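Chemist:
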Amino acid sequence: MNLRGGLAKTLGFGRLSLYGVGTIIGAGIYSVIGPAAGAAGEAIWASFLLAAVISAFSGLSYAELASAMPSAGAEHSFLRQALPKAPAVAFAVGLFIAVHGAATFATVGLTFGNYLQTFVALPPVLVALGLMALATGINVAGVTKASSVSAVLTTIQVLCLIAFAVFAFSLKGAALPSKIAAPQEWGGVLQGAALVFFIYSGYEHMATLSEEAKNPGRDIWRAFMVALCVTTAVYIVVIFGVLALVDARSIASSDFPLVAAAGQLGRWAAVIITGAALLATANAVLNASISGSRLLFGTARAGDLPKALQRTLGRSKSPWIGAVVMLAAACIFAVLGEVKFVASLSSLGVTLVFASVNAAVIILRYSNPNLKRPFKAPSIGRFPVTAGLGVAASLLLAAQYEWKVYVTFLIAILAGAIPYALVRRRSAD
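Rendered as structure tokens:
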């Protein structure tokens, strides 16, 4: 068992890309399409597209920083470099990510439990807790094994979703134009985008693996772009497929909207989509465990969390203490039991993180212009235009939640600040 040292460099472009696709696909289309339809109505497609565009700004910033500074600590490391005299800011961003990661872990775990009820009547919360524990065990076994499992699950789920869309268009495609609404009420579209925004947190998850990439300067930014393009295309096609079969009101009122839509094609289709949902959410649970544990590892290595979180396990070099701590935090959120609320916590966290990462790109362009950047976000002069747009758009989405989401998020942040204060006090002594 190791206390210090690096993580094993085992991930190539293909695994990184599949990991990103799996995280983004698994985290959203099954868990929040219903609540998003309730907010945006028939213009739900616009909510997903808006979230994709805003996340693309941040994806370009992640690509620039992760290829230039590959680190398991990702955002925490980026802010450390951008604001070296303000370590508390970097730690705060690390806390945003930790809360977001634990909430995402719980959201997809609960979604798995809900979908499993169509086959077996088990309490969703207990199922979520068991699945998260299993994912933690696979994570601890090593990232190569975990990424292999993730790659297989990702391939299966994407093929199932594409097949669903093809059948929907072939049988009901003629009805689609009358059901696709242009956005009339942008407030609802914004609320829908804010709710689904956490699905694009795959960038953040991928960034935490940059230290384990074989060639981060070449592969990280390309994997970001592949993940964004593939997942956005799949999401929009699937949403249009759903709208071809049922209206937005039916989507919003259903606990299992994709299954309800697939049921219009026949029971066989509903069973296949339910199976795909279970695979997708199980994959997302695994990916959330992997990225969350590495975030804690990187933050502890920087001296902002207890050193125990740097412990890695034997030959796998997996940060097992971080994995267990992330599991414990996710279990607390899972006990809340409401997917929409926990997903909102996750989305709020990722909007704040994306705003911070975009700000870090802007700061570093001026404070460290000579930093070697294998990839650079689009700019005018030194100023990264997409990063500026990313800051503004992310903060706009961060203002779209209910008050209880902000209160719960603040409580979680304050709880996480206690270890930081203790570590800083020991350092001062």
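Under my numbering, the letters of the sequence shown match residues 293 to 721, in that order.
Glycine included, every Cβ here is placed at the ideal spot set by N, Cα and C.
Because the structure is a prediction, the values reported are computed rather than measured.
Measuring alpha carbon to alpha carbon, tell me which of Leu681, Lys664 and Leu663 ends up nearest serine 671.
Modeler: Of the listed residues, the one whose Cα sits closest to serine 671 is Leu681.
Chemist: Tell me the residue span of the alpha helix (DSSP H) that contains aspartate 511.
Modeler: Run containing aspartate 511: 508-537, per the alpha helix (DSSP H) assignment.
Chemist: Which residue or residues does DSSP assign as beta-bridge partners of isoleucine 672?
Modeler: In the DSSP output, where bridge partners are listed per residue, isoleucine 672 has Phe675.
Chemist: Among Leu537, Leu656 and Leu605, which has the Cα closest to the Cα of glutamate 334?
Modeler: Checking every option, the nearest Cα to that of glutamate 334 belongs to Leu537.
Chemist: Check whether the Cβ atoms of serine 581 and alanine 374 lie closer than 8 Å to each other.
Modeler: It is not a contact, given that the beta carbons lie outside the stated cut-off.
Chemist: With DSSP collapsed to three states, give me the class of alanine 594.
Modeler: Coil, per DSSP.
Chemist: Using the C-alpha atoms, what's the distance from alanine 554 back to arginine 353?
Modeler: For clarity, residue 353 is serine in the given sequence; the question names arginine instead. Rounded to whole angstroms, serine 353 to alanine 554 spans 37 Å at the Cα level.
Chemist: Excluding the five sequence neighbours on either side, which residues of its own chain have a C-beta within less than 7 Å of the C-beta of valine 577, listed in chain order?
Modeler: So the qualifying residues of the chain are Phe397, Val400, Gly401, Phe404, Leu423, Met424 and Ala427.
Chemist: Could you pull out every residue in the same chain whose Cβ sits closer than 6 Å to the Cβ of asparagine 294, ignoring the five residues on either side in sequence?
Modeler: Here the model assigns asparagine 294 a pLDDT of 45, short of 50, so the residue's position is not dependable, and the following value carries that caveat. Excluding residues within five positions, the ones whose Cβ falls inside 6 Å are Thr604.
Chemist: Give the DSSP-derived three-state secondary structure of arginine 296 in the structure shown.
Modeler: Confidence is the limiting factor: at arginine 296 the pLDDT is only 46, short of 50, which leaves the residue's position unreliable and the question unanswerable from this model.
Chemist: So for alanine 505, helix, strand or coil by DSSP?
Modeler: In the structure shown, alanine 505 sits in a strand (DSSP, three-state: E or B).
Chemist: Assuming contact is defined by CB atoms lying nearer than 8 Å, are valine 417 and valine 627 in contact in what I supplied?
Modeler: Their beta carbons are under 8 Å apart, which means valine 417 touches valine 627 by this criterion.
Chemist: Give the C-beta separation of leucine 487 and alanine 635 to the nearest angstrom, bearing in mind that I take them to be a contact with Cβ-Cβ under 8 Å.
Modeler: About 7 Å separates the two Cβ atoms, so the contact holds.
Chemist: Arginine 296: buried (16+ other C-beta within 10 angstroms of its C-beta) or exposed?
Modeler: Its pLDDT being 46, under 50, arginine 296 is placed unreliably by the model, and nothing is read from it.
Chemist: When you compare only the Cα positions, how much space is there between phenylalanine 370 and valine 649?
Modeler: Computed Cα separation, rounded: 7 Å.
Chemist: Could you work out which residue in Ser347, Leu445 and Phe459 is closest to glutamine 556 when comparing CA atoms only?
Modeler: Comparing Cα positions, the closest option is Phe459.
Chemist: Are at least three pairs of beta-carbons, each pair with one atom in the segment 560-570 and one in the segment 355-362, less than 8 Å apart?
Modeler: As far as the Cβ criterion goes, the segment 560-570 does not touch the segment 355-362, which means the pair count is below three.
Chemist: For tryptophan 337, which residues of its own chain have a beta-carbon under 8 Å away from its beta-carbon, when the five flanking residues on both sides are left out?
Modeler: Contacts found: Ile472, Ile528, Ile531, Phe532 and Leu535.
Chemist: Along the chain, where does the alpha helix (DSSP H) containing proline 416 start, and where does it finish?
Modeler: Taken as a continuous stretch (DSSP letters only), the alpha helix (DSSP H) holding proline 416 covers 416-433.
Chemist: Give the DSSP bridge partners of leucine 303, in chain order.
Modeler: According to DSSP, leucine 303 bridges with Ala505.
Chemist: Can you tell me whether alanine 384 sits near the ligand PLP, meaning its C-beta is under 7 Å from at least one heavy atom of the ligand?
Modeler: With respect to the ligand PLP, the structure shown offers nothing to examine, as it has no ligands at all.
Chemist: Applying the criterion that 16 or more other CB atoms from any shown protein chain within 10 Å of the CB defines a buried residue, is aspartate 511 buried or exposed?
Modeler: That one is buried.
Chemist: Can you list, in chain order, the residues of its chain with a C-beta nearer than 6 Å to that of serine 493? Leave out the 5 residues immediately preceding and following it.
Modeler: Excluding sequence neighbours, serine 493 sits near Val642.
Chemist: Within its chain, find whatever has a CB closer than 7 Å to the CB of serine 639; leave out the 5 residues flanking it on each side and keep chain order.
Modeler: So the qualifying residues of the chain are Ala486, Leu487, Phe489 and Phe490.
Chemist: Considering only C-alpha positions, which residue in the set Glu367, Ala395 and Val444 is nearest to phenylalanine 383?
Modeler: Closest option to phenylalanine 383, Cα to Cα, is Glu367.
Chemist: With a threshold of 16 other CB atoms inside 10 Å of the CB of asparagine 451, please say whether the residue is buried or exposed.
Modeler: Reading off the sequence, residue 451 comes out as leucine, not asparagine. Per the 10 Å Cβ criterion, exposed.
Chemist: Which class does serine 610 belong to by DSSP, given the choice of helix, strand or coil?
Modeler: Note: serine 610 maps to strand in three-state DSSP.
Chemist: When DSSP labels each residue in this structure, what does asparagine 662 get in the three-state scheme?
Modeler: Note: asparagine 662 maps to coil in three-state DSSP.
Chemist: One question on the structure: do leucine 414 and asparagine 575 come within less than 8 Å of each other, judged by their Cβ atoms?
Modeler: No, these two residues do not count as a Cβ contact at 8 Å.
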